[in-house]
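In our numbering, the protein residues as written are 1 to 87.
Structure, rendered in structure tokens:
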């Protein structure tokens, strides 16, 4: 499992206080890639992970809590590494 192409997004919080932090590609196993995933920080400090948008608004990605926490940490490390490389 790995994160590919993690990109920090410079977006202002929504009126309800949610902030989109990053967009990334999720490779759960070699050869399978889920594109256009996003990482959002909620007003209470929790992180949310969403898969790509669907035409019918149906969910595309569902993660168990432990896997979601690992994915959040990997994405945060990925955007931090990209920030350092760009500096």
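Idealized CB from N, CA, C, for every residue including glycine. Computed from a predicted structure; not experimentally measured.
Boundaries (first-last residue) of the beta strand (DSSP E) holding residue i
i	result
residue 24	19–29
residue 36	32–41
residue 5	2–8
residue 48	47–50
Residue of the options minimising C-alpha distance to residue i
i	options	result
residue 28	80, 10 and 68	68
residue 18	34, 24 and 40	40
residue 34	72, 50, 81 and 13	50
CB of residue i within 8 Å of CB of residue j, strictly
i	j	result
residue 79	residue 22	yes
residue 38	residue 20	yes
Residues near residue i in its chain [Cβ-Cβ closer than 7 Å; skip 5 each side]
i	result
residue 5	24 and 25
Cβ neighbours of residue i in the same chain (closer than 8 Å, five flanking residues each side left out)
i	result
residue 54	60
Rounded straight-line distance, which links the Cα of residue j to that of residue i
i	j	result
residue 52	residue 15	22 Å
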